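Below: one structure, written as structure tokens.
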Amino acid sequence: MLVVNGLRATVGEKEILQGLNLTVNPGEIHAIMGPNGSGKSTLAHVLSGRDGYTVTGGSATFAGQDLLALEPEQRAHLGLFLAFQYPVELPGVNNTYFLKAALNSIRKARGETELDAVSFLRLIKEKLKILHLDESLLKRAVNAGFSGGEKKRNEIFQMALLEPKLAILDETDSGLDIDALRVVADGVNALRSPERSMIVVTHYQRLLDYIQPDFVHVLAKGQIIRSGGKELALELETTGYGWIDAEGLAA
Amino acid sequence: MTSTTAVNDLVKSEYEHGFTTEIASDTFPPGLDETVVRAISQRKGEPEFMTAWRLKAYRHWLTMTEPNWAAVDYPKIDFQAISYFSAPKRPEDAPKSLDEIDPILLETYQKLGIPLEEQKVLAGIAVDAVFDSVSVATTFRKSLAEVGVIFCSISEAVHDYPDLIQKYLGSVVPYTDNFYAGLNAAVFSDGTFVYVPKGVRCPMELSTYFRINARNTGQFERTLIVAEAGAYVSYLEGCTAPQRDENQLHAAVVELIVLDDAEVKYSTVQNWYPGDAQGKGGIYNFVTKRGDCRGARAKISWTQVETGSAITWKYPSCLLRGEGSVGEFYSVAVTKGRQQADTGTKMIHIGKNTRSTIVSKGISAGEGQQTYRGLVRIGQRAEGARNHTQCDSLLIGDRCTANTVPYIEVRTPTANMEHEATTSKISDDQLFYCRSRGLTEEDAVSMIVNGFCKEVFNELPMEFAVEAQKLLSISLEGAVG
Ligand SMILES: Nc1ncnc2c1ncn2[C@@H]1O[C@H](COP(=O)(O)OP(=O)(O)O)[C@@H](O)[C@H]1O
Ligand SMILES: [Mg+2]
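Respectively, the protein sequence lines represent chains F and G.
If you want this note's numbering, it's the position in the first sequence, counting the first as 1, plus 1393.
If you want this note's numbering, it's the position in the second sequence, counting the first as 1, plus 652.
This is the structure:
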């Protein structure tokens, strides 16, 4: 589904991704962990097409296409979704209206019929129920004045509605209390399917108590320096990231 | 995409309604003197009092000079190069129903998306369409007449209701008020008259579409709305114009008179030709709009969505005379390409416990220039007066400007004033967020801009809010950050 090969990317003068490899197959959940500033968000942004990064080497293919050649919205149309580490506020833009426009633009790009107001509302209410979210969310402006936890829940809500093939969750668990964490985890688990893959970027192993990953990777200094199963996360919990500097990039 | 290419695209977006109509015009040669003023009055078969009033206005206008304090820049207007009268076909046999209307004209309205016939009927809206200078179609007048509401062209009102005209015309905006108001009084061609009798709630939205057509013809519309005690009326004007090479002057006057417990809601959606990429050929829109809350608890609400014109100079104002009267001003103004707008409002608090609210949303793109100019004056006797002002500017690209010039004069210690102003840009973060959800850059801009204007759109009658939103999207087409 996603094959990232030797990916290098810079911000300004600084090379952040330094030859990163990652393969995600359908149905897999990959956790990416790593110290602050190691390039986790940069990876998420480069894969979803944000301006401001220069790809200087390597490749990324998604659903058989050269991902890096596409506009952000085209990537979304292909089924890529990014849950933002810092969701953006859109004052005055109604959440329901925003989601309907987003879903319909994706459907349109795929040659599917656009949903009318009634069927959309039915769908959106169903998703709210699955995620145990309050209907008041629908009336509010996108993320405007939301608490940190509300913003993250809204990201999951969007993910549930847009039903991506590959979702990248960038520290969706950071700063959440245990209830909010559950919502995020439930959202992810509810969406788990043999066709759908996820990359869960997290700082803490705590989230992985709720989401069972197939693989855990350690991203440091712009590369994936170790990969393993769930037990790697537990190991990191006890060892922290201090060993990275000691071991260097030898691992 | 970079913001420079984005803004260039925006600037290039063509004026959607840029076409002209072939129609036999009966137009005066250019020039203005007393003979022309008399001729206009005569052509319209006006009673003596109107001719006399026009002449007084004309003579006063000769003593006035063009204002130059607004932050707009344009070549000097040659008032002798303008033709002051133009009518479709012969005005003496103006059509009585739609069947009599020139089909080319109807087609024009259809191209503009103005649903003059069935759609408006279904929407419950009476339409008084002004084509050039003479009213050509009025529907629904009968059902309005049943409740005593008068809705007609101002020319007809001069004939049919001379007492009301003599009592109210020029009573809010006298011809001495300003240069353009003086000119308008002398040469006004036509416009709309609305009278809502005591205690009557007008059963439908009243709507007028203005359209400038004939080459080189100044447009001098005049609107007069009177709401007697306890009356209510919601009025909408919408304008659009065909593409033209010469600058076209529009100097309208709107007067509202609102008595005890009455309310007038005046909404404008304006989309006149803004000129080409160089700013050539656009409409000059120099308008005087003023409402007078003469009675206690009277209320005036101005809502405007301005996307057109090369130059806009416009300050819908409220005189809050009656105790507890209320003035509101909700405005969205867009300037792009080379458009210039100096717009705002005046809230003049005279009576006790008067309240006013100002919400101004300015959007500037390309090389657009925009100034919000607002005056809030609280007079000595306006004890307990309150004003809330909120001025927000949104900039798209980095070659446009937005200025806020608030004038505040308070002469009573019990007044309560609040003023908030913000300037923001559409951020890359916002655009990326929207695009990562599958929206195109264009849709994202349109969505963010519409969100920015939400508070104002909420004030528009439902069906017009939808139109306004569409208009905003069209006018910002290609405006990618
Ligand atoms: N826009 C930017 N400008 C300059 N440096 C940046 C920018 N974005 C990220 N960086 C730098 O890139 C590195 C990786 O950042 P990031 O990908 O956000 O890390 P993580 O998400 O793993 O904490 C950090 O050193 C950060 O300071
Ligand atoms: Mg990060």
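Note that the Cβ used here is the ideal one computed from N, Cα and C, for glycine as well.
Just so we're clear, the structure is a prediction, and the values are computed from it rather than from any experiment.
Test: residue i CB closer than 7 angstroms to a CB of chain G
i       : result
R1503/F : no
R1443/F : yes
P1419/F : no
P1484/F : yes
S1498/F : yes
E1466/F : yes
V1594/F : no
L1475/F : yes
V1439/F : no
H1525/F : no
A1469/F : yes
V1481/F : yes
A1583/F : no
A1510/F : no
A1453/F : no
A1560/F : no
A1495/F : yes
Collapsed DSSP secondary structure at residue i in the structure displayed
i       : result
L774/G  : Below a pLDDT of 50, predicted positions are generally treated as unreliable, and L774/G, at 27, falls in that range; no measurement from the model is reported.
L971/G  : strand
E769/G  : Low confidence applies to E769/G: its pLDDT is 43, below 50, so where it sits in the model is not reliable, and the reading given next is rough at best. Reduced to three states, the DSSP call for E769/G is coil.
P814/G  : helix
G1450/F : strand
D1602/F : helix
G1580/F : helix
W954/G  : strand
M608/G  : With chain G covering 653 to 1133 only, the question about residue 608/G has no answer from this structure.
K941/G  : strand
V1396/F : strand
L1569/F : coil
L991/G  : The residue you asked about is not Leu; residue 991/G is Gln in the sequence shown. Three-state result, Q991/G: coil.
V1404/F : strand
E798/G  : helix
T679/G  : strand
Q1458/F : strand
H1596/F : coil
Sequence-distant residues of the same chain with beta carbon closer than 6 angstroms to residue i, five excluded per side
i       : result
E880/G  : P849, K850, L911
G697/G  : none
I817/G  : A809, V810
G683/G  : Q732
L1611/F : Looking at the sequence provided, one finds Val at residue 1611/F rather than Leu. Closer than 6 angstroms at Cβ, skipping near neighbours: M1426, G1427, I1618, R1619.
K998/G  : Y967, S969, L1027
A1578/F : Y1603, I1604
G843/G  : I806, E873, R874, T875
R1600/F : Contrary to the premise, residue 1600/F reads as Leu rather than Arg in this sequence. Answer for L1600/F: D1566, listed in chain order.
K763/G  : Confidence in K763/G is poor, its pLDDT being 49 and thus under 50, which makes the residue's placement too unreliable to answer from.
K1407/F : none
Residues near residue i in its chain [Cβ-Cβ closer than 7 angstroms; skip 5 each side]
i       : result
T1454/F : V1396, L1460
A1120/G : V921, V957, F1109, L1112
L821/G  : L876
Any C-beta of chain F under 7 angstroms from that of residue i
i       : result
Q956/G  : no
Q1082/G : yes
S1125/G : no
G1090/G : yes
M1114/G : no
K1106/G : yes
Y982/G  : no
Proximal residues to residue i (C-beta, below 8 angstroms), its chain only, five neighbours per side dropped
i       : result
I1030/G : H1001, A1037, N1039, E1061, V1062, R1063, T1064, A1067, M1069
Quiz item: Is the region 937-953 of chain G touching the region 904-917 of chain G, taking contact as three or more C-beta pairs under 8 angstroms?
Solution: yes
Practice problem: For the region 875-938 of chain G, list the beta strand (DSSP E) runs that are entirely contained and at least 3 residues long, ordered along the chain. | Solution: 884-892, 900-902, 905-910, 915-923
Quiz item: At which residue ranges does the region 1067-1107 of chain G contain complete alpha helix (DSSP H) runs of 4 or more residues, listed in the order of the chain?
Solution: 1080-1087, 1093-1104
Exercise. Just list the alpha helix (DSSP H) runs in the region 1502-1546 of chain F, keeping only unbroken ones of 4 residues or longer that don't cross its boundaries, in chain order.
Key: 1510-1524, 1529-1532
Exercise. Flag this pair as touching only if the region 1083-1093 of chain G and the region 1050-1058 of chain G have three or more C-beta atom pairs under 8 angstroms; answer yes or no.
Key: no
Practice problem: Answer yes if the region 984-995 of chain G comes into contact with the region 963-975 of chain G, meaning at least three C-beta pairs across the two stretches below 8 angstroms, and no otherwise. | Solution: yes
Practice problem: Specify whether the region 1513-1527 of chain F and the region 1435-1442 of chain F touch according to this definition: at least 3 beta carbon pairs, one from each stretch, less than 8 angstroms apart. | Solution: no
Quiz item: Which residue spans inside the region 997-1076 of chain G form an unbroken beta strand (DSSP E) run of at least 3?
Solution: 1007-1017, 1021-1030, 1038-1048, 1053-1062
Exercise. Check whether the region 1600-1607 of chain F touches the region 1408-1425 of chain F, counting contact only when three or more Cβ pairs, one atom from each stretch, lie closer than 8 angstroms.
Key: yes
Quiz item: ligand 3: which residues have Cβ under 5 angstroms from any of its heavy atoms, chain order?
Solution: This structure lacks ligand 3; its bound ligands are ligand 1 and ligand 2.
Quiz item: Can we say the region 924-941 of chain G touches the region 1088-1102 of chain G, given the rule of at least three CB pairs closer than 8 angstroms?
Solution: no
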